[in-house]
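This report refers to the structure that appears directly beneath it.
Residue numbers (the working numbering): 1 to 221.
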């Protein structure tokens with residue numbers, strides 16, 4: 001019997017690519033002198049290539065941008081400072097996130113969120129998206145002192161929701177942290193398709209968007 005669902009945040013609920021594109025557009029408006037001599041599209045393409053889906057340190061990304069685009073010394077620091085000040089507040093969710101989360105919560109299922117990252121940074125994203133109200137538990141790796149796929153972080157979520165592992169489905173995009181981590185703990189797992197990753201070898205369901213999730217969950221039940 002399915003009693004609860006755990007979600008990843010970035011690239012599962014939060015549309016990171018669209019969020020970055022939105023942020024970089026706002027950044028161009030805030031720092032017009034920085035972009036006066038370069039193609040904005042070239043800046044975006046260079047940033048995205050160096051970013052590696054968020055797995056490159058932010059400072060390293062901007063130093064690479066400064067070097068490749070031959071920007072003045074110190075530009076990387078200015079761009080990083082702007083990102084740290086504004087990016088979490090300029091994030092956007094995937095379509096229909098609120099409708100899907102509201103429907104699932106309204107059906108009586110317990111909902112939880114587990115995200116790897118810095119506590120203040122991730123919490124700002126959560127607050128910006130306005131999604132905290134749907135979750136009975138929110139665990140951020142830095143605050144917990146451990147990261148997915150460590151089984152202990154899944155255990156804490158399950159215990160807080162008052163369910164057992166076999167009654168829970170984890171939904172996420174990362175085949176190692178989300179899918180393998182959840183399966184290793186005894187939970188079912190649904191992969192949020194992302195072209196950045198090779199598909200996980202063992203998974204209980206696959207969705208291209210969150211609107212497909214209720215039907216997949218019904219099939220799993």
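We put the CB at the ideal spot given by N, CA and C, even for glycine.
All values derive from a computational prediction rather than experimental measurement.
List the residues that DSSP assigns as beta-bridge partners of residue 4. Along the chain shown, read from residue 1 onward, the residue named residue 4 stands at position 4. 110 and 168, per the DSSP bridge assignment.
So what does residue 138 bridge to, in DSSP terms? On the chain shown, residue 138 is found 138 positions in, with the first residue counted as 1. Paired residues: 113.
Could you check the C-alpha separation between residue 190 and residue 145 for me, to the nearest Å? Numbered from its first residue, the chain shown carries residue 190 at position 190. Numbered from its first residue, the chain shown carries residue 145 at position 145. Each residue's alpha carbon lies about 25 Å from the other.
Can you have a look at residue 166 and say buried or exposed, based on whether 16 or more other CB atoms are within 10 angstroms of its CB? For the purposes of this step, residue 166 is taken as the residue at position 166 of the chain shown. Classification for residue 166: exposed.
Please name the residue, chosen from 105, 97 and 84, that lies closest to residue 211 on a Cα-to-Cα basis. Walking along the chain shown from the start, residue 211 turns up at place 211. Nearest of 105, 97 and 84 to residue 211, Cα basis: 97.
In angstroms with no decimal places, state the Cα-to-Cα distance between residue 216 and residue 209. Indexing the chain shown from 1 puts residue 216 at position 216. Indexing the chain shown from 1 puts residue 209 at position 209. When rounded, the distance between both Cα atoms is 11 Å.
Taking 8 Å as the cut-off, decide whether the C-beta atoms of residue 171 and residue 8 are in contact. The count along the chain shown starts at 1 and reaches residue 171 at position 171. The count along the chain shown starts at 1 and reaches residue 8 at position 8. Going by C-beta atoms, residue 171 is nearer than 8 Å to residue 8.
Where does the unbroken beta strand (DSSP E) through residue 183 begin, and where does it stop? Here residue 183 refers to the residue found at position 183 when the chain shown is read from its first residue. Residue 183 -> not in any beta strand (DSSP E); alpha helix (DSSP H) instead, spanning 181 to 184.
With distances taken from CA atoms, which of 199, 186 and 194 is nearest residue 52? On the chain shown, residue 52 is found 52 positions in, with the first residue counted as 1. Per the Cα distances, 194.
Tell me which residues share the same chain as residue 179 and place their Cβ nearer than 7 Å to its Cβ, disregarding the 5 neighbours each side in the sequence. Walking along the chain shown from the start, residue 179 turns up at place 179. Within the same chain, residue 179 has close Cβ partners 172, 189, 191, 200 and 203.
Grab me the residues of residue 86's own chain with a C-beta within less than 8 Å of its C-beta, minus the 5 sequence neighbours each way, in chain order. Here the question's residue 86 lines up with position 86 in the chain shown. Excluding positions up to five away in sequence, the list reads 23, 26, 27 and 30.
Given a cut-off of 8 Å on the beta-carbon distance, is the pair residue 62 and residue 76 in contact? Position 62 of the chain shown, counted from the first residue, corresponds to residue 62. Position 76 of the chain shown, counted from the first residue, corresponds to residue 76. It is a contact, given that the beta carbons lie within the stated cut-off.
Let's test the definition: count the other Cβ atoms within 10 Å of the Cβ of residue 108 and tell me whether it reaches 16, buried, or not, exposed. Here residue 108 refers to the residue found at position 108 of the chain shown. Answer is exposed; the Cβ neighbour count stays below 16.
With three or more beta-carbon pairs closer than 8 Å as the criterion, would you say the stretch 155 to 162 touches the stretch 126 to 144? yes
Between the Cα of residue 95 and those of 122, 213, 42 and 38, spot the shortest distance and give me the residue it belongs to. Translated into positions along the chain shown, residue 95 becomes position 95. Nearest C-alpha to residue 95: 213.
Just to check my reading of the structure: residue 111 and residue 5 have Cβ atoms closer than 8 Å, yes? What is that Cβ distance to the nearest angstrom? On the chain shown, position 111 is the one that residue 111 refers to. On the chain shown, position 5 is the one that residue 5 refers to. Residue 111 to residue 5, Cβ: 6 Å. Contact.
Where does residue 230 fall in DSSP's three states? Any answer about residue 230 is impossible in this case: the structure gives the chain only from 1 up to 221.
Per-residue burial, residue 116 [other beta carbons within 10 Å of its own, 16 or more giving buried]: Walking along the chain shown from the start, residue 116 turns up at place 116. When all chains shown are included, residue 116 counts as buried.
Is it right to say residue 99 is buried, meaning 16 or more other beta carbons lie within 10 angstroms of its own, or is it exposed? As a position in the chain shown, residue 99 is number 99, starting the count at 1. Looking at its Cβ environment, which holds fewer than 16 other Cβ atoms inside 10 Å, residue 99 is exposed.
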